[in-house]
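Below is one structure, written out as structure tokens; comments come after it.
Protein chains: 2
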Amino acid sequence: MFTSQPIGFVRSPYTDTGQIPKGLGAKHEADGVLKILPEFEPGLTDIEGFSHLIVIWEFDRAPREELRGKDLLASPPSDNRQHGVFATRSPRRPNPIGLTTVELLAREGIDLHVRGVNMLDGTPILDIKPYLSSIPSEKLRRGWLAEAEARQK
Amino acid sequence: MFTSQPIGFVRSPYTDTGQIPKGLGAKHEADGVLKILPEFEPGLTDIEGFSHLIVIWEFDRAPREELRGKDLLASPPSDNRQHGVFATRSPRRPNPIGLTTVELLAREGIDLHVRGVNMLDGTPILDIKPYLSSIPSEKLRRGWLAEAEARQK
Numbered sequence: 051m052f053t054s055q056p057i058g059f060v061r062s063p064y065t066d067t068g069q070i071p072k073g074l075g076a077k078h079e080a081d082g083v084l085k086i087l088p089e090f091e092p093g094l095t096d097i098e099g100f101s102h103l104i105v106i107w108e109f110d111r112a113p114r115e116e117l118r119g120k121d122l123l124a125s126p127p128s129d130n131r132q133h134g135v136f137a138t139r140s141p142r143r144p145n146p147i148g149l150t151t152v153e154l155l156a157r158e159g160i161d162l163h164v165r166g167v168n169m170l171d172g173t174p175i176l177d178i179k180p181y182l183s184s185i186p187s188e189k190l191r192r193g194w195l196a197e198a199e200a201r202q203k
Numbered sequence: 051m052f053t054s055q056p057i058g059f060v061r062s063p064y065t066d067t068g069q070i071p072k073g074l075g076a077k078h079e080a081d082g083v084l085k086i087l088p089e090f091e092p093g094l095t096d097i098e099g100f101s102h103l104i105v106i107w108e109f110d111r112a113p114r115e116e117l118r119g120k121d122l123l124a125s126p127p128s129d130n131r132q133h134g135v136f137a138t139r140s141p142r143r144p145n146p147i148g149l150t151t152v153e154l155l156a157r158e159g160i161d162l163h164v165r166g167v168n169m170l171d172g173t174p175i176l177d178i179k180p181y182l183s184s185i186p187s188e189k190l191r192r193g194w195l196a197e198a199e200a201r202q203k
């Protein structure tokens, strides 16, 4: 067990979850800034060589509840059926950890200018990792999400 | 801030970090099992429809230190130069969070049989998310890692 500590905070155009594009075909193209705390600046060394970053962050405004039984089912905006939280990106999860892949546009000191934020303004950042490789799309199966997309067509 | 809680544990062939393939060209093809705790089983509903999962886990055997200044530089096994921890996958990070993409081979109740584990046996799992989409490889730049690969050729 460990206690999370922010390494920085997200600057995003979204101040309310209702503003964040959600559901089938939602595009995450908003620009934002990952503002890293000055004491962690050496950890950014050479990060500017990567085009994409994986940002791990905290759902700090999701309700803190002990999730058990039916609470572990989520109703994602992309479907009218419920699915297990681990098969969704729902904010209500046993550990309030979010994950977003962003494109790194520019680094200015402790400010990482990125495209593709879907977090609320002020969201605590827990970690940043370089995006190294992709699963080829022809090898991906996307379960209920693909089925929901097919039903909508 | 939150305190992490395991949702399960990894069964892996690796009991020592020296056994885990590392460095340039390392392949992660080991089979393992994500053993989810029974109280979280409803959260797995419909997960079997996804071919790939993102596993978020805890570096529970990395030393716990306050990292500052030069401690935030890492010497990855794929290069003889140091880079900022946020530009590497080093286990020594401000929040001891690891991330691995695995292929889901089969689900048996609370056991997820997966390919591609690179965690130690007994590693606590914090979260599982469905892998939904990839950045096309032609759009990826991989900074120091690509340079280290080029130097080795």
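Taken in sequence, the protein lines are chains L and R.
Just so we're aligned: the first sequence equals residues 51 to 203 in the numbering used here.
Just so we're aligned: the second sequence equals residues 51 to 203 in the numbering used here.
The beta carbon of each residue, even a glycine, is placed where N, CA and C say it ideally should be.
Treat the numbers as computed from the prediction; the structure is a model and nothing was measured.
- Sequence-distant partners of F109(L) (beyond 5 residues in either direction) whose C-beta falls short of 6 Å from its own C-beta, in its chain, are P141, P146 and G148.
- As the crow flies, the alpha-carbon of D177(L) is around 22 Å from that of T65(L).
- In this chain, A112(R) is not harboured by any alpha helix (DSSP H), its DSSP state being neither H nor E.
- With contacts defined by Cβ atoms closer than 9 Å, S184(L) and S184(R) form a contacting pair.
- One finds nothing in chain L with a Cβ atom closer than 7 Å to the Cβ of K85(R); even the nearest lies about 13 Å away.
- When the beta-carbon positions are compared, R111(R) and T67(R) come within less than 9 Å of each other.
- Contact of H163(L) with chain R is not assigned, every C-beta pair being separated by 9 Å or more.
- Burial check for S62(R): the Cβ neighbour count within 10 Å reaches 16 or more, so the residue is buried.
- In the structure shown, F90(L) falls within a helical segment according to DSSP collapsed to helix, strand and coil.
- In this structure, V152(R) lies away from G172(R), with their beta-carbon atoms at least 9 Å apart.
- When P92(L), S187(L) and L117(L) are compared, the shortest CA-CA separation from P92(R) is found for L117(L).
- E98(L) belongs to the set of residues whose beta carbon lies under 9 Å from a beta carbon in chain R.
- Distances from the alpha-carbon of R201(R) to those of N130(R), A156(R) and M169(R) put N130(R) closest.
- Residue contact with chain L for I70(R): absent (no Cβ-Cβ distance below 9 Å to any residue of chain L).
- Separation of K179(R) and P126(L) (C-alpha to C-alpha, rounded to the nearest whole angstrom) is 13 Å.
- Of the other Cβ atoms in all chains shown, 16 or more fall within 10 Å of the Cβ of R143(R); this residue is therefore buried.
- For T150(R), the secondary structure class from DSSP, reduced to helix, strand or coil, is strand.
- If the five residues before and after L122(R) are omitted, its C-beta is found closer than 7 Å to the C-beta atoms of G134 and V135, all from its own chain and listed in chain order.
- Beta-bridge pairing by DSSP links D177(L) to I106(L).
- A direct Cα-to-Cα measurement between F90(R) and V83(R) gives close to 16 Å.
- Counted as a single uninterrupted DSSP element, the beta strand (DSSP E) harbouring L162(R) occupies residues D161 to R165.
- Counting only residues of its own chain and dropping the five nearest sequence neighbours on each side, F100(L) has a CB closer than 7 Å to the CB of L154, P180 and Y181.
- In summary, the residues of the region 181–200 of chain R whose CB is separated from some CB of chain L by less than 9 Å are Y181, L182, S183, S184, I185, P186, S187, K189, L190, R191, R192, G193, W194, L195, A196 and E197, in the order they occur in the chain.
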